[in-house]
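Notes to accompany the following structure.
Number of protein chains: 2
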Amino acid sequence: MTSDSIPAVICTVDVVLLTLEQATLKVALVRREREPFAQALALPGGYIHAQDDVDAQASAVRVLRDKAGLDSPYLEQLATFTGAVRDPRGWSVAVAYCALVPSAVLAQAAGRVELVAVDALPPLPFDHRQIVDTAVLRVRSKSQYSSLPVHLCAEPFTLPQLQAVYEAVLGEPVNKVSFRRKVDELAMLEPVVGALQTGGAHRPAQLYRVRPAYRRQLSLSARGL
Amino acid sequence: MTSDSIPAVICTVDVVLLTLEQATLKVALVRREREPFAQALALPGGYIHAQDDVDAQASAVRVLRDKAGLDSPYLEQLATFTGAVRDPRGWSVAVAYCALVPSAVLAQAAGRVELVAVDALPPLPFDHRQIVDTAVLRVRSKSQYSSLPVHLCAEPFTLPQLQAVYEAVLGEPVNKVSFRRKVDELAMLEPVVGALQTGGAHRPAQLYRVRPAYRRQLSLSARGL
Chain A
1 MTSDSIPAVI
11 CTVDVVLLTL
21 EQATLKVALV
31 RREREPFAQA
41 LALPGGYIHA
51 QDDVDAQASA
61 VRVLRDKAGL
71 DSPYLEQLAT
81 FTGAVRDPRG
91 WSVAVAYCAL
101 VPSAVLAQAA
111 GRVELVAVDA
121 LPPLPFDHRQ
131 IVDTAVLRVR
141 SKSQYSSLPV
151 HLCAEPFTLP
161 QLQAVYEAVL
171 GEPVNKVSFR
181 RKVDELAMLE
191 PVVGALQTGG
201 AHRPAQLYRV
211 RPAYRRQLSL
221 SARGL
Chain B
1 MTSDSIPAVI
11 CTVDVVLLTL
21 EQATLKVALV
31 RREREPFAQA
41 LALPGGYIHA
51 QDDVDAQASA
61 VRVLRDKAGL
71 DSPYLEQLAT
81 FTGAVRDPRG
91 WSVAVAYCAL
101 VPSAVLAQAA
111 GRVELVAVDA
121 LPPLPFDHRQ
131 IVDTAVLRVR
141 SKSQYSSLPV
151 HLCAEPFTLP
161 QLQAVYEAVL
171 GEPVNKVSFR
181 RKVDELAMLE
191 PVVGALQTGG
201 AHRPAQLYRV
211 RPAYRRQLSL
221 SARGL
């Protein structure tokens, strides 16, 4: 399809699948089956299949299903990593995606992925370390002013549970009053009618879920937390 | 370089080169020399040359030189546009970049590019309309909380001139006091020692330029204008 004078470029997708486990942001790694770097832990990734995939986002969905056995409702293009030396097979383009799921969703992937704290990564092949770092920076930055962290939170949840998720992602405490104001402003939640969390030492707390409009896209605010 | 079972994917870069002319945000378009869409106005773009380019950013630099005859100090990866149908030649990956230059720099490109207001685009081939719209949205959003618009401003400039650039990009007036506070917070400028703008009806104004540290990267603030 390309003209003869244009050497082929290797086109892949890589997915940074993030979750929270014990209040720690973790990335899902898979053990590579093939060379290069066979047996190394790496990001789930693979070639774009021009005959099957309608676009690179579809390639990322397919890779997540094949390598981790799951679908991520939130899947965003992160950045594209390119060049002559990042892949020993040749000049390559890796379109990187970022996926966020609650840790319960990763129970489906048990035995297929290893969860590793993003602040304690092992050496990774290719430029996967740089790709993970880019994703973490993006997620932390976006969490300041958007509904992004809700995708890490299993529904339904209470507001204190959601606040704890924001705090874990941001790595710092969040003021309760400004957090509640931000949640109102983002208008991303709806109460689950009649559902209260009971059984704790405190009075029952209202349970919430994400409004349908924000299940696959973000609500943004002009100002950070 | 790819295995025989993986069909080739067309790999290109496209550059959204933006400038301000008469307080209007404009994009530089070039007339395509070859099919598909020969003679149509389109974004400057071209194949990644795996034998020459160290990465896709280098491809974008080369394309800007070849098609517009200029270098853009500010050149940022925007997003990657992919899929089976966006290019009639086949499955394609276009890594899009955004460049910002003062309009005086485009004088070098006279006769090679046409400047068109981003709010009055002609029909564009491929998905170039979507690429331009993505760039404009990104630039307007980033201008709220970063030094990005300084790259549209010929140096040296006065603070009122820079404020006018911010207002043109954002498409709305900016409060002078909060603008001055933001400029201080971003710490992106340095006065040009001994240089004052004279000759107007007002008292002479200090001239500024961008600090070297922020000539190729942004200064960011946590809060918007």
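Order-wise, the sequence lines are chains A and B.
The C-terminal position of the first sequence is numbered 225 in full-length UniProt numbering, with every residue numbered one higher than the one before it.
The C-terminal position of the second sequence is numbered 225 in full-length UniProt numbering, with every residue numbered one higher than the one before it.
For each residue, glycine too, the CB sits at the ideal point set by N, CA and C.
Computed from a prediction, not measured in an experiment: that's the story for all the values here.
Residue i: contacting residues in chain A (beta-carbon distance under 9 Å)
{"i": "residue 217 of chain B", "result": "The premise fails here: residue 217 of chain B is roughly 14 Å from chain A at the closest Cβ pair, so nothing lies under 9 Å."}
Proximal residues of chain B, C-beta to C-beta of residue i below 8 Å
{"i": "residue 56 of chain A", "result": "80, 82, 83 and 93"}
Coil, strand or helix - residue i by DSSP
{"i": "residue 117 of chain A", "result": "strand"}
{"i": "residue 31 of chain B", "result": "strand"}
{"i": "residue 195 of chain B", "result": "strand"}
{"i": "residue 205 of chain A", "result": "strand"}
{"i": "residue 23 of chain B", "result": "coil"}
For residue i, the nearest candidate out of the options (CA to CA)
{"i": "residue 178 of chain A", "options": "A:22, A:144, A:120 and A:37", "result": "A:144"}
{"i": "residue 39 of chain B", "options": "B:29, B:94 and B:82", "result": "B:29"}
{"i": "residue 55 of chain A", "options": "A:112, A:159, A:96 and A:162", "result": "A:96"}
{"i": "residue 82 of chain A", "options": "A:196, A:166, A:48 and A:127", "result": "A:127"}
{"i": "residue 90 of chain A", "options": "A:24, A:78, A:8 and A:154", "result": "A:8"}
{"i": "residue 73 of chain B", "options": "B:207, B:86, B:221 and B:149", "result": "B:149"}
{"i": "residue 231 of chain A", "options": "A:154, A:216 and A:175", "result": "The structure shown does not extend to residue 231 of chain A, since chain A is modelled only from 1 through 225, so no value can be given for it."}
{"i": "residue 168 of chain A", "options": "A:21, A:59, A:11 and A:14", "result": "A:21"}
{"i": "residue 204 of chain A", "options": "A:195, A:108, A:212 and A:210", "result": "A:195"}
{"i": "residue 218 of chain B", "options": "B:31, B:142 and B:113", "result": "B:142"}
{"i": "residue 136 of chain A", "options": "A:47, A:173, A:79 and A:158", "result": "A:79"}
{"i": "residue 26 of chain A", "options": "A:176, A:17, A:61 and A:33", "result": "A:17"}
{"i": "residue 161 of chain B", "options": "B:15, B:23, B:10 and B:122", "result": "B:23"}
{"i": "residue 189 of chain B", "options": "B:170, B:214, B:112 and B:59", "result": "B:214"}
{"i": "residue 58 of chain A", "options": "A:15, A:163 and A:100", "result": "A:15"}
{"i": "residue 70 of chain B", "options": "B:92, B:113, B:87 and B:129", "result": "B:113"}
{"i": "residue 147 of chain B", "options": "B:172, B:202 and B:211", "result": "B:211"}
{"i": "residue 12 of chain B", "options": "B:122, B:63 and B:48", "result": "B:48"}
{"i": "residue 60 of chain A", "options": "A:132, A:183 and A:99", "result": "A:99"}
Proximal chain A residues relative to residue i, where beta-carbon distance stays under 7 Å
{"i": "residue 11 of chain B", "result": "9, 11 and 93"}
{"i": "residue 38 of chain B", "result": "Chain A residues near residue 38 of chain B: none, gap ~15 Å exceeds 7 Å."}
Neighbouring residues, chain B, relative to residue i (Cβ below 9 Å)
{"i": "residue 60 of chain A", "result": "Here the premise fails: no neighbours, minimum Cβ distance about 10 Å."}
{"i": "residue 42 of chain A", "result": "By Cβ distance, chain B contributes nothing, its closest Cβ being about 19 Å from residue 42 of chain A, past 9 Å."}
Closer than 8 Å at the beta carbon, the chain A residues around residue i
{"i": "residue 77 of chain B", "result": "79 and 80"}
Interface flag, residue i vs chain D, CB-CB below 8 Å
{"i": "residue 50 of chain A", "result": "In the structure shown, chain D does not exist; the protein chains are A and B."}
The ligand MN heavy atom lying under 7 Å from the CB of residue i
{"i": "residue 66 of chain A", "result": "The model on display carries no ligand, and the ligand MN is accordingly not part of it."}
Minimum length 4: unbroken alpha helix (DSSP H) runs contained in the region 130-191 of chain B = 159-170 and 176-186
Could you name each continuous beta strand (DSSP E) segment of 3 residues or more that falls completely within the region 29-109 of chain A, going from the start of the chain to the end?
-> 45-47, 74-83 and 92-100
Using Cβ-Cβ distances below 7 Å, what residues of the region 119-143 of chain B are close to chain A?
-> none
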